[in-house]
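Visitor: Under UniProt numbering, think of the first position of the sequence shown as 1, with each following residue one higher. Where a beta carbon is used, it is the ideal one built from N, C-alpha and C, also for glycine. This is the structure I have questions about; it appears just below.
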Amino acid sequence: MTSDIDTIDNESLFRSIVMESPIPIALLVGRELIITVANDPQLAVWGKGNDVFGLSLARAIPEMEGQPFLAILDEVFATGKTFSTNNTPANMVSNGVTRTVYFDFSFKAIRNRQGAVYGIIATGIEITQQIADRQALLLSEERYRQLSADLDRQIQERTRQLEHSIQDLRRSNENLQQFAFVASHDLQEPLRKVQQFGDLLRSQYSHLLGEGVTYIERMQSAASRMSTLIRDLLSFSRISTQRDTNGDVSLTTIVEAALRSLEVATDETNATIQLSSLPTVEGDHSQLEQLFQNLLSNALKFHKPGVFPHIQIKAGWVAADNLPEDVKPSRYAIAYHRIDIIDNGVGFDEKYLDRIFQVFQRLYGKNDYAGTGIGLAICEKVVANHGGAITASSQPGQGATFSIYLPV
């Protein structure tokens, strides 16, 4: 109702308005609250039929006993003051089943011509579904808060575990660096003594040793190989624990420096080196120089007997989406530089591709080609340190191509 009803002169008009209203409305007359008018929405709320007309509210709806509504209605009748409230629960019986429903309702006193209260108009809107939706939303929010709290706890726990793992890794790296220091100093000293005493025996007592000189030479050769192995292990351990990059590095300059250090081997093998323009990348100068020195040294070393080495070094560019399936860079980038080192050497069977970048893996005997089996493992580690990947393709007797991928 949108206007106050102080008097009712036209009962027929009033009944018509009430009966057509979609909002539950009832007219309760007298202190006994006799149900005089009630529309279908109101009867539906009560769960009653037309037999309630002429009955007091307490008699027609006995479940009202024990609930606050009768007392509120009596207060409105006594004082003439309107009472309105929202989100109020009420227990109603329908078909023998009690259920709790929620209302926004208003009780308004109506007066006769003399101004005396003679009845109450009760209006209400059922909001049970809205309350249920609101409670479901609150429950959902509470579940979300609980899940969020659980997730925060899991993240904190994972963070603590990660911090512990980082600490363990740091300790492991420190131990590895300490071992590398021992290897480069304490372990080398006995080998130097073996070499020195071997030289002394050969120079001063070779005329007495006879065939024993051969055994001394073998001993010195073994000591030399061990010394080389220790140096390579030291290089590998240092690269494994140093991942910082220092700035822009010209790969052309790097390769030229590596070739200068390999001039003797290049001259001895009559090798031809074809160097194309190479890009500038972000990285560590010394690590990258060691990378290319190892690869070029292998290309010179593993040449076919009677064939002069021919080595090509060229560069290209490849988008991340077009990388070969077996290339898995250690850091994502939109695109990568591809540097190929191509030789015409002895090559290898690609079934061993997964082994050649592992420590101490050799495809040829040490009597055929010198080395410790660590060089390519160092190459793989350097490339990984720089966010890239390295792979190779080859056939026995057909040379090999080593491809390096570095982020643009």
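#1: Residue range of the alpha helix (DSSP H) that residue 454 falls in?
#2: Is DSSP giving Arg-143 helix, strand or coil here?
#3: Quick one: is Asn-344 buried, meaning 16 or more other Cβ sit within 10 Å of its Cβ, or exposed?
#4: Which residue comes first and which comes last in the beta strand (DSSP E) that contains Val-101?
#5: If you count every other CB in all the chains shown that lies within 10 Å of the CB of Lys-81, and 16 or more means buried, which is it?
#6: Where DSSP assigns a beta bridge to Ser-403, which residues make up the other side?
#7: Taking 7 Å as the threshold (C-beta atoms), are Leu-200 and Ser-227 in contact?
#8: Residues in the same chain with beta-carbon distance under 7 Å from Leu-187, minus the five sequence neighbours each way, listed in chain order, please.
#9: Looking at the C-beta of Leu-70, does it have a partner C-beta in chain C at a distance below 7 Å?
#10: Using 8 Å as the Cβ pair cut-off and three pairs as the minimum, do the segment 141-161 and the segment 113-122 touch?
#11: Mind reading off the beta-carbon distance from Thr-98 to Asn-91? Whole number of angstroms is fine, and I expect it under 8 Å.
#12: Whole angstroms are fine: how far does the CA of Ser-148 sit from the CA of residue 420?
#13: What residue from Pro-22, Leu-376 and Ile-342 has the CA that sits closest to Ser-394's CA?
#14: In three-state terms, what does DSSP make of Gly-212?
#15: From Ala-392, His-310 and Ile-339, pick the residue whose C-alpha is nearest to that of Asp-326; which is it?
#16: Is it true that the segment 247-254 meets the segment 276-287, where meeting means three or more beta-carbon pairs spaced less than 8 Å apart?
#17: Output needed for Arg-153: all residues of its chain with C-beta closer than 6 Å, excluding positions within five of it in sequence on either side, in chain order.
#18: Using 8 Å for Cβ pairs, my map puts Gly-387 next to Pro-329. What's the rounded Cβ distance?
#19: Here's a check: name, in chain order, each residue in its chain whose Cβ is nearer than 6 Å to the Cβ of His-310, leaving out the five neighbours to either side.
#20: CB-CB under 6 Å to Thr-36, same chain, minus the five flanking residues each way: which ones, in chain order?
#21: Report yes if the CB atom of Ala-258 is closer than 7 Å to the CB atom of Phe-292, and no otherwise.
#22: Is the beta carbon of Ile-374 closer than 7 Å to that of Asp-232?
#23: Alpha carbon to alpha carbon, how far is Glu-63 from Pro-22?
#24: Can you tell which of Gly-96, Lys-48 and Ile-378 has the C-alpha that lies nearest to the C-alpha of Leu-234?
#25: Can you look up Gly-198 in the DSSP assignment and give me helix, strand or coil?
#26: Three-state secondary structure (DSSP) at residue 416?
#27: Could you tell me the boundaries of the beta strand (DSSP E) in which Lys-314 lies?
#28: Going by DSSP in three states, Pro-89 sits in which element: helix, strand or coil?
#29: For the beta strand (DSSP E) containing Asp-248, name the first residue and the last one.
#30: On a Cα-Cα basis, can you pick out the residue from Glu-32, Gln-196 and Ile-404 that is closest to Leu-55?
#31: Just verifying my parser: in three-state terms, what is the DSSP assignment at Thr-2?
#32: Below 8 Å on the Cβ atoms is my contact criterion, and I expect His-303 with Trp-317 to pass it. Report the Cβ-Cβ distance as a whole number of Å.
Guide: Taking the definition as stated:
#1: Not covered by the structure: residue 454. The range shown for the chain is 1 to 408.
#2: helix
#3: buried
#4: 97-111
#5: exposed
#6: Asp-340 and Thr-391
#7: no
#8: Ile-230
#9: This model lacks chain C altogether, as it is built from one protein chain only.
#10: no
#11: 6 Å
#12: For residue 420 there is no data in the structure shown, the boundaries of the chain being 1 and 408.
#13: Ile-342
#14: helix
#15: Ala-392
#16: yes
#17: none
#18: 6 Å
#19: Thr-272 and Asn-344
#20: Leu-27 and Val-29
#21: yes
#22: yes
#23: 24 Å
#24: Ile-378
#25: helix
#26: As displayed, the chain neither begins before 1 nor continues past 408, which places residue 416 out of reach and without an answer.
#27: 310-319
#28: strand
#29: 247-250
#30: Glu-32
#31: Only weak support is given to the placement of Thr-2: the predicted model assigns it a pLDDT of 40, under 50, and the value that follows is read from those uncertain coordinates. Coil.
#32: With a Cβ gap of about 30 Å, His-303 and Trp-317 do not count as contacting.
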